[in-house]
Amino acid sequence: MTYIMWGSAHSLYSGKLRSYLIKKGVPYQERNPSDPEFAARVLPQVGHMVIPVLETPDVDVLQDSGDIIDTLEPRHASPILDPDTPVQKAVSALFDGVGSEYLMPLAMHYRWSYRAEQETFLQAEFGRAMVAGQSRETRREMAKAVMDIFAGFLPNLGVFPETAQALETSYLDWLDALDSHFQHHPYLLGGRPCRGDFGMMASLYAHLARDPVPASLMKAKAPNLFRWTERMNLAVIPDGEYPGYGDDYAPDDSIPESLEAVLSLVFRDWVPGLSADVACFNHWASARSAGDIVSIDGRRRVHPGVGEVSYPFHGVEMKRGSAPHAVWMFARSQEFAKAMPDAAQARFAALLGRTGGVDMYNLTIAARMERRNNVLVLA
Ligand SMILES: N[C@@H](CCC(=O)N[C@@H](CS)C(=O)NCC(=O)O)C(=O)O
Numbered sequence: 001m002t003y004i005m006w007g008s009a010h011s012l013y014s015g016k017l018r019s020y021l022i023k024k025g026v027p028y029q030e031r032n033p034s035d036p037e038f039a040a041r042v043l044p045q046v047g048h049m050v051i052p053v054l055e056t057p058d059v060d061v062l063q064d065s066g067d068i069i070d071t072l073e074p075r076h077a078s079p080i081l082d083p084d085t086p087v088q089k090a091v092s093a094l095f096d097g098v099g100s101e102y103l104m105p106l107a108m109h110y111r112w113s114y115r116a117e118q119e120t121f122l123q124a125e126f127g128r129a130m131v132a133g134q135s136r137e138t139r140r141e142m143a144k145a146v147m148d149i150f151a152g153f154l155p156n157l158g159v160f161p162e163t164a165q166a167l168e169t170s171y172l173d174w175l176d177a178l179d180s181h182f183q184h185h186p187y188l189l190g191g192r193p194c195r196g197d198f199g200m201m202a203s204l205y206a207h208l209a210r211d212p213v214p215a216s217l218m219k220a221k222a223p224n225l226f227r228w229t230e231r232m233n234l235a236v237i238p239d240g241e242y243p244g245y246g247d248d249y250a251p252d253d254s255i256p257e258s259l260e261a262v263l264s265l266v267f268r269d270w271v272p273g274l275s276a277d278v279a280c281f282n283h284w285a286s287a288r289s290a291g292d293i294v295s296i297d298g299r300r301r302v303h304p305g306v307g308e309v310s311y312p313f314h315g316v317e318m319k320r321g322s323a324p325h326a327v328w329m330f331a332r333s334q335e336f337a338k339a340m341p342d343a344a345q346a347r348f349a350a351l352l353g354r355t356g357g358v359d360m361y362n363l364t365i366a367a368r369m370e371r372r373n374n375v376l377v378l379a
């Protein structure tokens, strides 16, 4: 049975799903949205324009990289691609949110704030994904129009000339910590990729490791991180670069010490924004009911918002549209954390204490969300 992944090389969330499909070893064919069948047959089933989409011979068309993984996991038990020990499971889900949501504005910053320096590359990428056939010149021209739309997302993500420096300063710390981690470990939690690795591939692959400007930065500052982005797209799990390492998660539900340094950055940089997103969501949800689409105007959107948020970030005031998807993804990790048996709770609490994560896990999310019919709704 061959799956069809509707996606593209330059798409953020396609990078997450593709690496999962490769590591899982399921047969799939990648097709681009430029294929006329996508608009004619697939999109009407999704309900709005978005990639990646997974199509199977026997299941409806599915959207959301995470929902797709959740659907495939019980169908393909082997190889195991997420730990089942409590602390690692919560940390894995946290990194899924970090890569899928927290780092996304940074990825978009490095793509669009440096558009002039990488225009030809981006035109070719958007062109191959969106425009079938055509001469090279026509394809580039047509790609430009689509690129203008995506470049216009920056203000809603909090990316302005005034905030760019703060974003970049913080990212350099991440590059350094991730580089150090991947020198010693093939994946986030040891010798086997977890859900968190796939989430991190969202922001760290298509944009930050492929677009010329951020790719140069990553190669120059964090070559071990760059190598991880390559490793994540190889079908094998053990990597001979780490002799004798094995192919299992770190023993006894432990978290590699070098990952604690990355966790400290997660909590340092994400707590202010996530707290603002949670407050905004809680306020919005207080006047809604189960089944409502999570979106300020009730419309289906790929990245819905429920208001504006502002908060301090590395010396500047960050202002952006709220991100309920980020809240939804963090909630999953928080739910795993709450469900841990006592001994694991104590170990997790100690980890949060060492890395500055207590405030994040104390956030109260007032209502549950779930994806239904390819959009986020109140459960
Ligand atoms: N939560 C979704 C997000 C998908 C998404 O944002 N896809 C982008 C391309 S990578 C897209 O289609 N954007 C179109 C838009 O925002 O209008 C997922 O994980 O699949």
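Just so we're aligned, residue 1 is where the sequence shown starts under the numbering used here, counting upward by one.
Glycine included, C-beta positions come from ideal geometry on N, C-alpha and C.
Beta-carbon contacts of residue i that lie in its chain and below 6 Å, excluding the five residues immediately before and after
{"i": "E117", "result": "V213"}
{"i": "Y20", "result": "I69, F198"}
{"i": "E241", "result": "none"}
Residue closest to residue i, alpha-carbon to alpha-carbon, out of the options
{"i": "D277", "options": "G291, R18, S322, I293", "result": "S322"}
{"i": "H185", "options": "D173, L234, I255, G133", "result": "I255"}
{"i": "W284", "options": "E260, V271, V309", "result": "V309"}
{"i": "L122", "options": "Q29, L208, G99", "result": "L208"}
{"i": "A366", "options": "A279, G298, P74", "result": "A279"}
{"i": "G15", "options": "A206, P223, K144", "result": "A206"}
{"i": "F348", "options": "A9, F281, T71, A90", "result": "A90"}
{"i": "A290", "options": "G307, R372, T120, A77", "result": "R372"}
{"i": "T85", "options": "M369, V358, Q345, R368", "result": "Q345"}
{"i": "E335", "options": "N362, T355, F313", "result": "N362"}
{"i": "E30", "options": "A9, S170, E257, V42", "result": "A9"}
{"i": "N282", "options": "D173, T364, F267", "result": "T364"}
{"i": "L72", "options": "I22, L172, T355, G307", "result": "I22"}
{"i": "A145", "options": "P155, E119, A39", "result": "E119"}
{"i": "L352", "options": "D211, V266, S216", "result": "V266"}
{"i": "R299", "options": "R368, D342, N374, I237", "result": "N374"}
{"i": "T169", "options": "D292, G99, Y3, D269", "result": "D269"}
{"i": "V327", "options": "K338, V316, V306, D342", "result": "V306"}
{"i": "D211", "options": "P74, D342, Y114, P243", "result": "Y114"}
Secondary structure of residue i, DSSP reduced to three states
{"i": "Y3", "result": "strand"}
{"i": "S310", "result": "strand"}
{"i": "M147", "result": "helix"}
{"i": "V278", "result": "helix"}
{"i": "Y245", "result": "coil"}
{"i": "R320", "result": "strand"}
{"i": "G190", "result": "strand"}
{"i": "I293", "result": "strand"}
{"i": "Q134", "result": "coil"}
{"i": "Q234", "result": "According to the sequence provided, residue 234 is Leu. The question's Gln does not apply to it. Here L234 sits in coil by DSSP."}
{"i": "M369", "result": "strand"}
{"i": "V302", "result": "coil"}
{"i": "Y28", "result": "strand"}
{"i": "L157", "result": "helix"}
{"i": "V50", "result": "coil"}
{"i": "V87", "result": "helix"}
{"i": "V213", "result": "helix"}
{"i": "L62", "result": "strand"}
{"i": "Y21", "result": "The identity of residue 21 in the sequence shown is Leu, whereas the question assumes Tyr. L21 falls in the helix class under three-state DSSP."}
Sub-7 Å separation of residue i and residue j beta-carbons
{"i": "A93", "j": "S333", "result": "yes"}
{"i": "M360", "j": "G97", "result": "no"}
{"i": "D253", "j": "V50", "result": "no"}
{"i": "M232", "j": "F226", "result": "no"}
{"i": "M318", "j": "T163", "result": "yes"}
{"i": "M5", "j": "L54", "result": "yes"}
{"i": "V159", "j": "P223", "result": "no"}
{"i": "D148", "j": "G191", "result": "no"}
{"i": "L17", "j": "S65", "result": "yes"}
{"i": "W228", "j": "F153", "result": "no"}
{"i": "K221", "j": "L274", "result": "no"}
{"i": "H314", "j": "A166", "result": "yes"}
{"i": "P251", "j": "L81", "result": "no"}
{"i": "G127", "j": "R140", "result": "yes"}
{"i": "L204", "j": "R320", "result": "no"}
{"i": "G357", "j": "M200", "result": "no"}
{"i": "F38", "j": "G196", "result": "no"}
{"i": "D292", "j": "L378", "result": "yes"}
Own chain, CB closer than 7 Å to residue i, minus 5 neighbours either side, in chain order
{"i": "H325", "result": "E101, H303, L376"}
{"i": "W57", "result": "Trp is not the amino acid found at residue 57; the sequence shown has Pro there. Once the five neighbours on either side are set aside, the close Cβ partners of P57 are M1."}
{"i": "D67", "result": "R371"}
{"i": "L178", "result": "A222, L225, V262"}
{"i": "T355", "result": "E260, L263, S264, F267"}
Nearest-angstrom beta carbon gap, residue j and residue i [assumed within contact, 8 Å]
{"i": "L234", "j": "L188", "result": "Contact flag wrong, Cβ pair sits at about 16 Å."}
{"i": "P79", "j": "G25", "result": "7 Å"}
{"i": "P33", "j": "A124", "result": "15 Å between Cβ atoms; not a contact."}
{"i": "Y245", "j": "P272", "result": "Incorrect: roughly 36 Å between the Cβ atoms, too far for contact."}
{"i": "A261", "j": "S180", "result": "7 Å"}
{"i": "S295", "j": "R288", "result": "No, S295 and R288 are not in contact; Cβ-Cβ is about 10 Å, not under 8 Å."}
{"i": "P36", "j": "A132", "result": "7 Å"}
Proximity test, Cβ basis, 7 Å: residue i and chain C
{"i": "E335", "result": "Looking for chain C here will not work: only one protein chain is present."}
Spatial neighbours of residue i in its chain, beta-carbon cut-off 8 Å, leaving aside the 5 residues before and after
{"i": "D60", "result": "Q45"}
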